[in-house]
Ligand SMILES: [Mg+2]
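Numbering (my numbering), first residue to last: 62 to 278.
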């Protein structure tokens, strides 16, 4: 089989690997669907108080780093707010907070077809959210090589997670680009020599991406 390698010129970056962030890059999300959904079901509950309790107690971080199970999470908030809702319904509200970024869906489908780059997913997420996303947004399944925070007990923007990702897949930072919407993640990745694109407007992303792979930037 004929294999056409990337042409890498001296002193020019040669991108072989693309690491995608998930939330607000490949899929958008809004946690208020969860807080408000539960609050609407539980008449006495304030969505804001519910949200504050979760953040003050870092329950979101505990879920993302795999330090707390969803059962424990449910038991804790159920007790605290005297919730009537059952676990299944509660988890449905918890999971159903995402919608696809159609522009990124098209980009990812195209770039995985041309097979020029190795593609990765690096996400702060938990088992319930990633399962929901894989089931409802099948284009995300194109990214089979993954580092997920809840499995490795580390989260972005900690540099050790980026280091771990490079080492796990034997990636050279200078041949790798991170696409992520969070500035802190961009800063950490840059400190390790990884190329970065701060994702916000899709048009800006595609132009930065083509400049980067052509070695213009
Ligand atoms: Mg993100």
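Virtual Cβ for every residue (Gly too), placed ideally from N, Cα, C.
Original post:
Assuming residue 90 contacts residue 159 under a Cβ cut-off of 8 Å, what Cβ separation, rounded to an integer in Å, is found between them?
Top reply: 5 Å
Subject >> alpha helix (DSSP H) segments (min. 4 residues) lying fully within the stretch 83–154 >> reply: 93–102, 108–117, 120–125 and 131–142
Original post:
Just to check, is the beta-carbon of residue 187 closer than 7 Å to a non-hydrogen atom of ligand 1?
Top reply: Relative to ligand 1, residue 187 has its C-beta separated by 7 Å or more from all heavy atoms.
Original post:
Are residue 3 and residue 183 close, meaning C-beta to C-beta below 8 Å?
Top reply: Because the chain here runs from 62 to 278, residue 3 falls outside it and cannot be looked at.
Original post:
At a cut-off of 7 Å, is residue 162 close to ligand 1 when judged by its beta-carbon and the heavy atoms of the ligand?
Top reply: no
**OP:** Look up residue 207 in the DSSP assignment and say whether it is helix, strand or coil.
**Re:** Under the three-state reduction of DSSP, residue 207 is assigned to strand.
**OP:** Identify, in the order they occur along the chain, each residue of the same chain with its Cβ nearer than 7 Å to the Cβ of residue 234, setting aside the five sequence neighbours on each side.
**Re:** Excluding residues within five positions, the ones whose Cβ falls inside 7 Å are 227, 253, 254 and 255.
Original post:
Which value, in whole angstroms, describes the spacing of the CA atoms of residue 84 and residue 173?
Top reply: 19 Å
Subject >> Minimum C-alpha distance to residue 138 - residue among 119, 129, 189 and 115 >> reply: 115
Original post:
Rounded to the nearest angstrom, how far is the Cβ of residue 248 from that of residue 88, given a contact under 8 Å?
Top reply: Wrong, their Cβ atoms sit about 23 Å apart, outside the cutoff.
Original post:
Can you tell which of 142, 118, 134 and 163 has the C-alpha that lies nearest to the C-alpha of residue 105?
Top reply: 142
**OP:** Could you work out which residue in 133, 261, 126 and 171 is closest to residue 218 when comparing CA atoms only?
**Re:** Ranking 133, 261, 126 and 171 by Cα distance to residue 218 puts 126 first.
Subject >> Length at least 3, wholly inside the stretch 210–277: the beta strand (DSSP E) runs in chain order >> reply: 237–241 and 256–259
**OP:** Could you please give me the residues that DSSP links to residue 159 through a beta bridge?
**Re:** 90
Original post:
How is the beta strand (DSSP E) around residue 78 delimited, first residue to last?
Top reply: 78–81
Subject >> residue 80 at chain B interface by Cβ criterion, 8 Å >> reply: The question asks about chain B, but that chain is absent: this structure has only one protein chain.
Original post:
Any heavy atom of ligand 1 within a distance shorter than 7 Å of the CB on residue 125?
Top reply: no
Subject >> Environment of residue 190 [buried if 16+ CB atoms lie within 10 Å] >> reply: Residue 190 should be labelled buried.
Original post:
Should residue 175 go down as buried or exposed, given a rule of 16 or more other Cβ atoms within 10 Å for buried?
Top reply: Burial state of residue 175 is exposed, judged by a 10 Å Cβ sphere holding fewer than 16 other Cβ atoms.
**OP:** Give a single yes or no on whether residue 284 has its beta carbon closer than 7 Å to a heavy atom of ligand 1.
**Re:** Residue numbering for the chain in the displayed model covers 62 to 278; residue 284 lies beyond these limits and cannot be assessed.
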